[in-house]
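Participant: Please read through the structure below; I'll follow up with questions.
There are 2 protein chains.
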Amino acid sequence: MPATISDVPTPSFLVDFDKVKKNAQKMIDTCERLGVQLRPHMKTHKTVELGTLMTNGTKRTIEVSTLEEAEFYARNGFDDILYAHPLIAARIERCKSLAYKLKAFHVMIESFHGLIALLSCPLKNGKKWSIYLEIDDGSGRSGVPWESDDVIKLAKEASESPYIDFQGLYLFNGRTYEAKGTRGIENANKEGTDLLQTLHKRFTDNNIDCRTLAIGNTPSCSRPHESMNVLTEFHPGNYIFYDMQQATIGSCSSDDIACRLTTRIIGHKPSHNIFLIDCGFLALSYDGMAEHPDEFSTFLDHPDLKVIGFSQEIGKVTTKSGDKLNYDKYPIGSQLFIFPWHSCATACQHTVFYVHSGNNITDMWTPAKGW
Amino acid sequence: MPATISDVPTPSFLVDFDKVKKNAQKMIDTCERLGVQLRPHMKTHKTVELGTLMTNGTKRTIEVSTLEEAEFYARNGFDDILYAHPLIAARIERCKSLAYKLKAFHVMIESFHGLIALLSCPLKNGKKWSIYLEIDDGSGRSGVPWESDDVIKLAKEASESPYIDFQGLYLFNGRTYEAKGTRGIENANKEGTDLLQTLHKRFTDNNIDCRTLAIGNTPSCSRPHESMNVLTEFHPGNYIFYDMQQATIGSCSSDDIACRLTTRIIGHKPSHNIFLIDCGFLALSYDGMAEHPDEFSTFLDHPDLKVIGFSQEIGKVTTKSGDKLNYDKYPIGSQLFIFPWHSCATACQHTVFYVHSGNNITDMWTPAKGW
């Protein structure tokens with residue numbers, strides 16, 4: 001294991017342990033205060049260590065985005081796992097194994113295809129399929145359109161089946177990603193909460209039992225509106241690392257960002273006013289580059305730098321201002337640190353995370369990979 | 001192992017064995033005809049199996065883009081490996097191990113920093129550092145500007161050092177990526193070859209021994225100009241898979257593309273004229289999306305479809321024409337195949353490749369990962 005941050009090979013993904021601990025605790029406190037169950041999403045990091053931290057050591061009540069993740073966490077002693085991806089028939093066999101293995105394994109549906117797949121393959125030995133119904137608030141993500149008749153039909157059919165344990169509703173609440181600042185997110189949260197309550201009332205009117213009202217995403221849960229105490233579950237994920245996208249939205253301050261990429265300068269190109277770094281698209285990912293060219297690669301202590309182009313293993317860096325680079329300030333071989341635009345996208349590119357406290361490397365974590 | 005393509009989990013990366021075999025053989029034949037040494041790049045796939053195929057079973061004379069790849073191939077019996085990335089001092093120790101372990105291990109430099117790093121750390125027991133000098137033809141990639149005085153200074157200092165075995169020159173020849181069609185690429189190749197020959201003459205005039213004149217990239221080596229028989233080495237990589245980018249440039253026909261992503265439809269969104277697939281940015285990569293929205297996700301047998309948006313695990317598909325989707329034609333659960341814009345970027349997202357001959361899965365390959 002490298003001794004300090006300066007000894008880590010480049011490019012590498014660094015996790016600030018003191019900051020992830022603080023981010024994890026803050027979300028636990030928020031959920032306790034509001035009286036909602038925290039079901040943190042693992043897709044951002046896919047590690048046992050952060051899953052343990054985010055669940056306050058219980059290893060219970062998590063959410064994942066792939067079956068590979070579900071199987072990885074199940075193997076590592078986690079229970080009460082929600083597989084939060086529209087279910088299709090082709091995945092039933094792997095889901096069945098998880099349902100039998102775990103005390104609680106939940107799937108998410110958003111169509112009759114998913115429901116029929118489950119009903120065609122009932123579980124045995126008193127086990128039931130436990131399902132969440134995903135709602136689309138109109139933004140066109142996965143989920144049943146919230147005002148449609150299908151929401152009621154699907155929920156009714158599910159809740160009345162002897163083979164299914166109907167949990168309730170999940171909303172991603174995409175409007176928080178359009179919001180700006182704490183107040184904007186809080187307002188978007190109020191709207192999302194109202195929407196879920198309206199739907200809950202329709203369920204009650206139709207005699208549908210719905211125990212769970214869950215809301216997702218990092219802005220929602222980082223800047224909750226007090227009215228969200230009527231909800232039962234929070235499903236945030238990215239808050240463990242945060243990133244430039246979340247700082248721009250207002251979910252966090254840039255000081256809360258708990259991950260960064262480290263890279264080294266490998267060449268000078270005065271003819272093009274750039275220098276080269278050993279961080280290509282493979283290490284950082286393209287996420288945010290097209291839409292947020294000035295923020296998607298924010299350099300620690302060098303606010304005027306940005307990446308303007310990539311090959312697989314090399315990045316081209318210039319100034320945001322258009323000023324001439326002072327190459328004496330950036331000798332070949334020197335180490336730099338980049339805050340990613342989207343930490344989920346960047347973390348997923350790495351097979352090991354270097355964990356540090358201050359400058360010292362304290363651990364190396366191995367995330368799950370694949371599908 | 002899944003029996004057929006229909007049984008493969010989604011999303012997955014598929015490799016058409018008959019096509020990679022044909023692509024590998026064609027490049028071997030091209031190099032034999034022109035009398036140049038083929039040094040295929042492994043960065044596209046990073047597998048033992050394709051490395052073996054591309055070297056005609058010899059497992060000799062390859063090129064890699066990371067030290068992790070170099071170590072992976074060295075562990076798996078490969079020799080004569082060029083680590084084709086601008087060398088910096090921080091990597092010397094790992095390079096030293098490889099230099100001692102292998103019969104031939106070459107590094108690439110493009111600056112005095114790299115040269116000084118090598119000279120500060122000479123090898124023992126009669127071993128010398130074997131180096132290639134990378135040339136920039138003016139496009140601003142890595143490499144010493146080809147008309148500069150530094151090219152001569154670096155080559156002279158390297159070739160006169162008793163600790164260094166100076167191989168010669170490598171040019172990426174970026175202008176082939178700006179070319180269009182066979183004729184355009186051939187012309188760009190002639191220009192690149194002339195440039196290397198001009199530089200070679202400067203070397204001769206300065207009494208610098210230069211045995212190797214190497215040219216890289218897939219368009220160059222797929223559509224070579226006959227004048228390239230004066231060169232000594234070809235360094236292509238992507239030709240083993242090809243992709244939509246190479247087909248657009250004219251390096252191959254779309255029928256030569258030997259890899260594809262398989263995905264399934266997981267939801268319908270008539271309100272937005274889209275359907276959802278279980279292929280997010282993590283499985284396909286963003287490479288090409290911003291610049292080539294209509295080509296970066298070309299669907300086999302469905303030329304009017306394209307991906308217009310991504311989350312980590314979900315893609316949104318609509319029509320290129322703007323026509324209404326016929327949802328009866330695309331039931332939830334059905335399997336689709338996508339040719340990626342850039343096969344290197346897509347392959348690198350996967351921890352396993354499913355190999356097929358016709359519809360039958362014949363093998364599963366595990367690529368190297370990380371840095």
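Note that the protein sequences, when read in sequence, are chains A and B. Numbering-wise, the first sequence is residues 1 to 371 according to the UniProt record's numbering. Numbering-wise, the second sequence is residues 1 to 371 according to the UniProt record's numbering. Every residue gets a Cβ at the ideal spot worked out from N, C-alpha and C, and that includes glycine. Note that the structure is predicted; figures quoted are calculated from it, not measured.
In chain order, what residues of the same chain have a beta carbon less than 8 Å from the beta carbon of residue 211/A, not counting five sequence neighbours either side?
Facilitator: Within the same chain, residue 211/A has close Cβ partners 167, 168, 232.
Participant: Output the boundary residues of the beta strand (DSSP E) element that contains residue 205/A.
Facilitator: Run containing residue 205/A: none in the beta strand (DSSP E); it sits in the alpha helix (DSSP H), 181-205.
Participant: So for residue 333/A, helix, strand or coil by DSSP?
Facilitator: Three-state DSSP puts residue 333/A in coil, outside helix and strand.
Participant: Counting only Cβ pairs nearer than 7 Å, list the residues of chain B close to residue 281/A.
Facilitator: Under the 7 Å cutoff, chain B gives 287, 345.
Participant: Would residue 43/A pass as an interface residue toward chain B - the criterion being a Cβ-Cβ separation below 8 Å?
Facilitator: Yes, residue 43/A counts as interfacial toward chain B.
Participant: Anyone know if the C-beta pair for residue 274/B and residue 317/B falls short of 8 Å?
Facilitator: Result yes, Cβ atoms of residue 274/B and residue 317/B sit closer than 8 Å.
Participant: How about residue 339/A: is its Cβ closer than 7 Å to a heavy atom in the ligand HEM?
Facilitator: Ligands in the displayed structure: none, and consequently the ligand HEM is not present.
Participant: Taking 8 Å as the CB-CB cut-off, is residue 60/B touching chain A?
Facilitator: It does not; no Cβ of chain A falls within 8 Å.
Participant: Short of 6 Å in beta carbon distance, which residues of its chain neighbour residue 80/B, apart from the five on each side in sequence? Order them along the chain.
Facilitator: Closer than 6 Å at Cβ, skipping near neighbours: 60, 61, 104.
Participant: Counting only Cβ-Cβ distances shorter than 9 Å, please list the residues of the stretch 265-276 of chain A near chain B, keeping chain order.
Facilitator: From the stretch 265-276 of chain A, only 265, 266, 267, 268, 269, 271, 272, 274, 276 have a Cβ closer than 9 Å to chain B.
Participant: Report the rounded CA-to-CA distance for residue 26/A versus residue 13/B, giving the unit in angstroms.
Facilitator: Straight-line Cα distance between these residues: approximately 39 Å.
Participant: Using the beta-carbon count (16 or more within 10 Å), is residue 326/B buried or exposed?
Facilitator: The residue in question, residue 326/B, is exposed, as its Cβ has fewer than 16 Cβ neighbours within 10 Å.
Participant: For residue 124/B, which residues does DSSP report across the bridge?
Facilitator: According to DSSP, residue 124/B bridges with nothing at all.
Participant: Could you tell me which chain B residues have their CB closer than 7 Å to the CB of residue 351/A, listed as they occur along the chain?
Facilitator: Within chain B, the residues near residue 351/A are 369, 370.
Participant: Is DSSP giving residue 154/B helix, strand or coil here?
Facilitator: Three-state result, residue 154/B: helix.
Participant: Counting beta carbon pairs with one atom in the stretch 88-103 of chain B and one in the stretch 135-147 of chain B, are three or more of them shorter than 8 Å?
Facilitator: Output reads no: the stretch 88-103 of chain B does not touch the stretch 135-147 of chain B.
Participant: Nearest CA to the CA of residue 230/B: which residue from 246/B, 237/B, 306/B, 200/B?
Facilitator: Measuring from the Cα of residue 230/B, the nearest candidate turns out to be 200/B.
Participant: Can the beta-carbon of residue 39/B be found less than 8 Å from the beta-carbon of residue 342/B?
Facilitator: Against a cut-off of 8 Å, the Cβ pair of residue 342/B and residue 39/B comes out as no contact.
Participant: For residue 345/B, count the other beta carbons within 10 Å of its own beta carbon; 16 or more makes it buried, fewer makes it exposed. Which is it?
Facilitator: Classification for residue 345/B: buried.
Participant: For a test of the three-state rule: what should DSSP assign to residue 29/A, helix, strand or coil?
Facilitator: Helix, per DSSP.
Participant: Looking only at C-alpha atoms, which of 97/B, 209/B, 362/B, 336/B sits nearest to residue 124/B?
Facilitator: That would be 97/B, whose Cα lies nearest to the Cα of residue 124/B.
Participant: Between the beta-carbon of residue 276/B and the beta-carbon of residue 86/A, is there less than 8 Å?
Facilitator: Yes.
Participant: Among 177/B, 63/B, 7/B, 116/B, which has the Cα closest to the Cα of residue 153/B?
Facilitator: Checked all of 177/B, 63/B, 7/B, 116/B; the closest Cα to residue 153/B is 116/B.
Participant: What runs of the beta strand (DSSP E), each 3 residues or longer, lie entirely inside the stretch 232-277 of chain B?
Facilitator: 233-235, 259-269, 274-277, all fully within the stretch 232-277 of chain B.
Participant: For the stretch 79-94 of chain B, enumerate the residues whose C-beta is nearer than 7 Å to any C-beta of chain A, in chain order.
Facilitator: The stretch 79-94 of chain B vs chain A, Cβ under 7 Å: 85, 86, 88, 89, 90.
Participant: Could you tell me which residues DSSP pairs with residue 360/B in its beta bridges?
Facilitator: Answer is 4/B, 357/B.
Participant: Provide the residue span of the alpha helix (DSSP H) that contains residue 281/A, from first to last.
Facilitator: Its alpha helix (DSSP H) spans residues 281-284.
Participant: Between which two residues does the alpha helix (DSSP H) containing residue 92/B stretch?
Facilitator: Counting along the chain, the alpha helix (DSSP H) containing residue 92/B begins and ends at 92-101.
Participant: Per DSSP, residue 136/A is paired with what?
Facilitator: According to DSSP, which records beta bridges pairwise, residue 136/A is partnered with 145/A.
Participant: Can you tell me whether residue 11/B is buried or exposed? The criterion is at least 16 other CB atoms within 10 Å of its CB, across all chains shown.
Facilitator: The residue is buried, with at least 16 neighbouring Cβ atoms inside 10 Å.
Participant: Strictly under 8 Å for the Cβ-Cβ distance: is residue 63/A near chain B by that measure?
Facilitator: Output row for residue 63/A: interface = no.
Participant: Measure the C-alpha to C-alpha separation of residue 122/A and residue 161/A and round it to an integer number of angstroms.
Facilitator: Distance between the alpha carbons of residue 122/A and residue 161/A: 10 Å.
Participant: Are residue 313/A and residue 280/A closer than 8 Å when you measure CB to CB?
Facilitator: Contact: yes.
Participant: What runs of the alpha helix (DSSP H), each 4 residues or longer, lie entirely inside the stretch 293-354 of chain B?
Facilitator: Qualifying alpha helix (DSSP H) stretches, in chain order: 343-347.
Participant: For a contact defined as C-beta to C-beta under 9 Å, what are the partners of residue 111/A on chain B?
Facilitator: Simply 266, 267, 268, 332.
Participant: Can you tell me which of the three DSSP states residue 291/B falls into?
Facilitator: Of the three classes helix, strand and coil, the one that applies to residue 291/B here is coil, per DSSP.
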